[in-house]
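Note that the sequence shown covers residues 6 to 390 in the numbering used here. Working notes, structure below.
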Amino acid sequence: MDPLLLAEKTLVPKSRLSYIDRLRVFLTCSVIIHHTIYILSNGWWPVIPSPYSSNPVIGILSFIVLTFNQSYFMGGFFFLAGYFVPASYEKKRAGQFISSRALRLLVPIPFYELIIAPMIYQIWRALRNPADFAQVYRDYFGQYTPINNPLWFVVLLFVFDSLFLLLRLVPKIRDFLGSPRVFGDSVSVWKTIWIAASIWIALSVVVFAIRIVSPVGFWVPVLGMLAYFPQYLLAYIFGAIAWKFDILTRIPRNFKPFGFVISLLFFAIWMTFSIMFLSNFSMLLGGLNILSFCYCVLEMGFAIFFFWSLLTWFRDSFNKAPTKLESKIASAAYAAYIIHPLVVIPVVLILEIWNTLPIVWIVIGAPVSIVIAFTLGILLKLIPG
Numbered sequence: 006m007d008p009l010l011l012a013e014k015t016l017v018p019k020s021r022l023s024y025i026d027r028l029r030v031f032l033t034c035s036v037i038i039h040h041t042i043y044i045l046s047n048g049w050w051p052v053i054p055s056p057y058s059s060n061p062v063i064g065i066l067s068f069i070v071l072t073f074n075q076s077y078f079m080g081g082f083f084f085l086a087g088y089f090v091p092a093s094y095e096k097k098r099a100g101q102f103i104s105s106r107a108l109r110l111l112v113p114i115p116f117y118e119l120i121i122a123p124m125i126y127q128i129w130r131a132l133r134n135p136a137d138f139a140q141v142y143r144d145y146f147g148q149y150t151p152i153n154n155p156l157w158f159v160v161l162l163f164v165f166d167s168l169f170l171l172l173r174l175v176p177k178i179r180d181f182l183g184s185p186r187v188f189g190d191s192v193s194v195w196k197t198i199w200i201a202a203s204i205w206i207a208l209s210v211v212v213f214a215i216r217i218v219s220p221v222g223f224w225v226p227v228l229g230m231l232a233y234f235p236q237y238l239l240a241y242i243f244g245a246i247a248w249k250f251d252i253l254t255r256i257p258r259n260f261k262p263f264g265f266v267i268s269l270l271f272f273a274i275w276m277t278f279s280i281m282f283l284s285n286f287s288m289l290l291g292g293l294n295i296l297s298f299c300y301c302v303l304e305m306g307f308a309i310f311f312f313w314s315l316l317t318w319f320r321d322s323f324n325k326a327p328t329k330l331e332s333k334i335a336s337a338a339y340a341a342y343i344i345h346p347l348v349v350i351p352v353v354l355i356l357e358i359w360n361t362l363p364i365v366w367i368v369i370g371a372p373v374s375i376v377i378a379f380t381l382g383i384l385l386k387l388i389p390g
């Protein structure tokens, strides 16, 4: 069984887990949709060039969708991971905690790097320029970049988990996290908005500072895009704090409409601003300039208010006991995340060969990829061990 799920089911009432499982599934589906659209507009390194990379309409539309997703969904994953890490640690203690995390997070990496990634390359070559698998291996590793794929997330998560373990050695932090959880009444809407706004302002400044030297799109092997690193780290930390103070149950129900309206206003202004200054696009993504600062402020404002609203919505609307199928789907989310490129890319290639319209890639390709990825994930969970 997934060690995180085991810790959750042991230390948190079952009724409070259903919406989090469903939110994980939603975020995983968002990743699959995101990469389907990404291939449409940008291709997939190092194998698939996009036939629509020079189409300005597709470029703008995909930019809107991709930036919408990218602003919040990986931060959401890190928040959920941070939320359950204190409970997992308390159940396992240091040695078993880090060994279980290494087994879960690091073991899939060589599987992906040595099997899945070359298989993706092989599928593309088979459809475009057939070559034997040995030649594919030579070509792939001839231009190899470590963890230049979705598994950067699991590597960075293991780094955060390791840092959490080290920080537990600091007496004040150990006493803080080791003391009983703090439960209380729901906080007011305005206090919730004030807390979210405080995080937004602080995070915007830090993200802007990082993007002066590492703009959006600059990829660091293993760690991914440093432009979003502060958001991921803060999300993980805040997740652990949210567990400590039971924040997920204390956000008021009536925060949702306020949060969604605020986030949509941020998004509308953010997209309008981005399109207005599209001719200075590189300045929006980073550097010491006012455009980059405004871009960071708008993006982080949307991300924080939207995810908090989404989390509250799932808590209030999708917290009923799961069916057997829903439980299987939830338990397969991590496996689906790992293997989804091996599903998405062949589906997209087939649609391209059939000369389908770009909209078909999304309307047909994304749902088909989601179904196949989760089906394979469920089957993989049946393997003993």
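Built from N, CA and C at the ideal position, the CB exists for glycine as well. Since the model is a prediction, treat every value here as computed from it, not as a measurement.
Assigned with DSSP and collapsed to three states, TRP129 falls in helix. Burial state of SER193 is exposed, judged by a 10 Å Cβ sphere holding fewer than 16 other Cβ atoms. The residue among SER191, PHE282 and PHE165 with its C-alpha nearest the C-alpha of GLY244 is PHE165. With a beta-carbon spacing of about 18 Å, LEU28 and PHE307 fall beyond the 8 Å limit used to define contacts. Annotation for SER332: the continuous alpha helix (DSSP H) segment containing it runs 329-336. Beta-bridge partners assigned by DSSP to MET230: TRP224. Taking one beta carbon from each stretch, the segment 333-341 and the segment 86-105 have fewer than 3 pairs nearer than 8 Å; the two do not touch. Within the DSSP bridge table, the entry for TRP313 names no partner. The continuous alpha helix (DSSP H) containing ALA86 extends over residues 61-110. In the displayed model, TRP49 falls within a strand according to three-state DSSP.
Take LEU170, set aside five residues on each side of it, and the residues of its chain with a beta-carbon closer than 7 Å to its own are ALA99, PHE102 and ILE103, in chain order. Annotation: the continuous alpha helix (DSSP H) that includes VAL194 extends over 194-218. The shortest CA-to-CA distance from ASN153 to any of LEU174, LEU119, ILE198 and GLN127 is the one to LEU119.
With 16 or more other Cβ atoms inside 10 Å of its own Cβ, GLN127 counts as buried. In this structure, the straight-line span from the alpha carbon of ILE178 to that of ILE114 is close to 31 Å.
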